[in-house]
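Undergrad: Encoded as structure tokens, here's the structure I'll be asking about.
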Amino acid sequence: MENNQANITSRIFVEQRTPIFFSVIDNFFTSYLPIDLQELESVALLDRREEKFLIPNKWCANIAESLDSEYNILEINNERKFRYDNLYFDTPGNICLEDHLRGRKIRYKVRIRSYANSNISFLEVKSRNVHGRSIKMRLQRTSEKWDSPLTKEERRFLTERVSFARELSPVLYSSYSRFTLAHIKRGERITFDTGLKFKSIEGVVFYPLDGLSIVELKQGESDRHSPLHKLFRAHPNRHVPLGRTIRISKYVVGRLSTDTSLHARTYFESLRELNRASKSAQIS
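Here the numbering used here is used: the first residue of the sequence shown is 1, the next is one more, and so on.
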């Protein structure tokens with residue numbers, strides 16, 4: 001089984017080192033009415049339910065057209081596409097990674113996130129509790145460089161929230177572009193992440209999901225009647241894993257793509273789904 005897992009990982013993450021960018025996505029959300037950051041904060045959803053979907057970039061046109069009468073799009077300084085840069089932390093024993101791979105109900109991600117367009121960054125702890133809710137705690141950074149070493153205050157912030165904080169060190173960079181839709185009345189947000197890029201601490205770069213977007217539905221309480229659910233259920237090309245809820249963590253995908261010594265374990269089926277989806281997106 002472990003050999004099969006290694007082969008799957010290799011097919012996904014070694015074949016696709018040259019990125020395929022779809023700048024046309026930038027044009028899919030031009031008809032939406034804008035919402036500013038202050039209005040978006042009313043559905044910040046730092047304590048929330050999350051569902052993730054994997055779709056070919058070309059689906060974004062149909063999705064954007066179908067949802068534009070119900071959702072607004074985040075716009076800041078006339079920009080609607082925002083770059084996110086991330087630096088993830090883990091322990092020498094990979095506690096964060098292993099807890100995700102084993103599907104433990106209580107688990108953590110620790111990262112620095114930079115909103116490149118606005119030059120603002122946060123140190124974040126994202127936890128998942130036994131009830132399946134995601135809770136994000138964060139502290140705005142004051143350092144000049146977004147990925148500079150943690151300060152004493154930031155270390156203290158982590159120590160108060162994560163039992164293994166003293167063992168944490170940087171392990172992975174990631175970046176992507178994001179569009180954010182919001183439905184104020186429903187208390188709902190939808191994000192579209194494209195152009196996902198990973199870089200190891202040693203500088204090795206991977207683009208594992210070329211031609212694909214990760215769509216994330218964020219709700220205060222799970223509601224299967226969301227317009228996004230209805231849209232995916234009716235999509236003529238919906239098949240596993242495209243347009244269906246998928247277990248995917250950008251952090252896990254990044255670690256597995258940049259470190260071949262790591263084993264997929266319970267993530268094996270998700271890796272197979274990613275492999276099928278990436279091939280489908282490139283062929284179609």
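Glycine is no exception: its CB is placed at the ideal position from the N, C-alpha and C atoms. Values in this document were obtained by computation on a predicted structure and should not be read as measured data.
DSSP three-state label for A182, please.
TA: A182 falls in the strand class under three-state DSSP.
Undergrad: What does a CB cutoff of less than 6 Å around R286 pick up in its chain, not counting 5 residues either side in sequence?
TA: Residue 286 cannot be examined here, being either before or after the span of the chain that is shown, 1 to 284.
Undergrad: Within the continuous beta strand (DSSP E) that includes G254, where are the two ends?
TA: Careful: G254 lies outside any beta strand (DSSP E), inside the alpha helix (DSSP H) at 250-258.
Undergrad: Return the residue from the list L74, N86, V43 that minimises the CA-CA distance to S287.
TA: Examination of residue 287 is not possible in this model, given that the chain is present from 1 through 284 alone.
Undergrad: Based on DSSP bridge pairs, tell me the residues matched to R107.
TA: In DSSP, R107 forms a bridge with R128.
Undergrad: Are the stretch 162-172 and the stretch 130-145 touching, with three or more C-beta to C-beta distances below 8 Å?
TA: Cβ pair count under 8 Å is below three, so no.
Undergrad: For L33, which residues in the same chain have their Cβ closer than 6 Å to its Cβ, ignoring the five residues on either side in sequence?
TA: So the list reads N72, once near-sequence residues are dropped.
Undergrad: If you draw a straight line from the C-alpha of L274 to the C-alpha of S118, how long is it?
TA: The alpha-carbon atoms of L274 and S118 are separated by roughly 32 Å.
Undergrad: Near E154, what residues of its chain come up, given a Cβ to Cβ distance below 6 Å and the 5 sequence neighbours on each side ignored?
TA: Excluding positions up to five away in sequence, the list reads L123.
Undergrad: In this structure, does DSSP put D210 in helix, strand or coil?
TA: Coil, per DSSP.
Undergrad: Within the continuous alpha helix (DSSP H) that includes I63, where are the two ends?
TA: I63 -> alpha helix (DSSP H) spans 59-67.
Undergrad: Looking at the structure shown, is S148 part of a helix, part of a strand, or coil, going by DSSP?
TA: DSSP places S148 in coil when its eight states are reduced to three.
Undergrad: How long is the line joining the alpha carbons of K126 and R111, rounded to whole angstroms?
TA: Between K126 and R111, the C-alpha separation is close to 8 Å.
Undergrad: Determine the direct distance from the alpha carbon of I120 to that of N62, and round the result to whole angstroms.
TA: One C-alpha to the other measures close to 32 Å.
Undergrad: Taking the alpha-carbon of G211 as reference, which of K230, D193, L97 has the nearest alpha-carbon?
TA: Ranking the options by Cα distance to G211, first place goes to D193.
Undergrad: Three Cβ pairs or more, each shorter than 8 Å: is that satisfied between the stretch 88-101 and the stretch 230-245?
TA: Touching, no.
Undergrad: Would you check if there are 3 or more beta carbon pairs closer than 8 Å linking the stretch 211-225 to the stretch 47-62?
TA: Flag = yes, the stretch 211-225 and the stretch 47-62 touch.
Undergrad: Can you tell me whether DSSP reads K197 as helix, strand or coil?
TA: Looking at K197 - three-state DSSP - the assignment turns out to be strand.
Undergrad: Rounded to the nearest angstrom, what separates S177 and F82 at their Cα positions?
TA: Computed Cα separation, rounded: 5 Å.
Undergrad: Within its chain, find whatever has a CB closer than 6 Å to the CB of F22; leave out the 5 residues flanking it on each side and keep chain order.
TA: Any reading at F22 needs caution, since the residue's pLDDT is 47, under 50, leaving its predicted position unreliable; the model's value is listed next. Cβ within range, chain order: N57.
Undergrad: Do you know whose CA, among D99, R113, V171, lies nearest V130's CA?
TA: Among D99, R113, V171, the Cα nearest to that of V130 belongs to D99.
Undergrad: Under 8 Å by Cβ, that's how I've got R128 and Y84 pegged, so tell me the actual separation to the nearest angstrom.
TA: At roughly 20 Å, the Cβ-Cβ gap does not stay under 8 Å, so R128 and Y84 are not in contact.
Undergrad: I'd like the span of the beta strand (DSSP E) that includes F82, first residue to last.
TA: That run of the beta strand (DSSP E) goes 82-90.
Undergrad: Quick one: what's got a C-beta closer than 8 Å to L158's C-beta in the same chain, skipping five residues either side?
TA: Same-chain partners within the cutoff: V110, L123, V125, L150, A165, L168.
Undergrad: Does chain C have any CB closer than 7 Å to the CB of L40?
TA: Of the protein chains in this structure there is only one, and it is not chain C.
Undergrad: If you follow the alpha helix (DSSP H) that R233 is part of, which residue opens it and which one closes it?
TA: That run of the alpha helix (DSSP H) goes 227-234.
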